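In UniProt numbering, the protein residues as written are 1 to 162.
As structure tokens, then:
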């Protein structure tokens, strides 16, 4: 896919369209291969590869459990997102989902963010989860309460805005 560039980010509609190509991909922990298998991070990694090319860094091994803890203050998913994606400013409580936004979630206040998805509209997202296939689902109040961060894909280096 040839992305449309809008400022410092790839157009969200292009990201959402790339994510939709992954619908139906089976869940496979730590995988990132469209149609074969991926987990939630693998979905984001695969969309990155489809939009921007090779990944900027390989993720370290990680557990498939949402309840895994990390050292105090450790936020590996949020920290990696901050290194490679563009943060969406503003309070999470006021966030209105836009197509292409990368959504990070934490399931308990004392645990690090451990799940990610890609928004496809104000009330929809695409994600992968254990024992299921990549699916487009409602971005419900439950998901919104667990939102830990929102990011966008950066513009590809070497491309200029239209």
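Just so it is clear, CB atoms sit at the ideal spot from N, CA and C, and this is done for glycine as well. On a predicted model such as this, the values are computed, not experimentally measured, just so you know.
Output the distance between the C-alpha atoms of residue i and residue j, rounded to the nearest integer angstrom.
i	j	result
residue 90	residue 116	19 Å
residue 111	residue 20	29 Å
residue 49	residue 32	9 Å
residue 77	residue 125	18 Å
residue 128	residue 84	21 Å
residue 42	residue 92	24 Å
residue 137	residue 87	23 Å
Assign residue i to one of two classes, buried (16 or more other C-beta atoms within 10 Å of its C-beta) or exposed (fewer than that).
i	result
residue 152	buried
residue 46	buried
residue 36	exposed
residue 34	buried
In its own chain, which residues sit with a C-beta less than 6 Å from the C-beta of residue i, not counting the 5 before and 5 after it?
i	result
residue 97	119, 122, 139
residue 18	1, 47, 50, 51
Does DSSP put residue i in a helix, in a strand, or in coil?
i	result
residue 102	strand
residue 90	coil
residue 20	helix
residue 141	helix
residue 154	strand
residue 76	helix
Output needed for residue i: all residues of its chain with C-beta closer than 7 Å, excluding positions within five of it in sequence on either side, in chain order.
i	result
residue 132	27
residue 75	112, 113
residue 149	78, 81, 104, 113
residue 130	27, 64
residue 147	92, 95, 103, 105
residue 29	39, 64
residue 56	84
Between residue i and the rest of its own chain, which residues show a CB-CB distance below 8 Å, the 5 nearest in sequence each way excluded?
i	result
residue 16	99, 100, 118, 119, 120, 121, 126
Looking at residue i and the ligand ADP, is the gap between the Cβ and the nearest heavy atom below 6 Å?
i	result
residue 104	Questions concerning the ligand ADP fall outside what the structure shown contains, since it holds no ligand whatsoever.
Problem - Any 3 or more C-beta pairs closer than 8 Å across the region 132-148 and the region 58-65 - result: no
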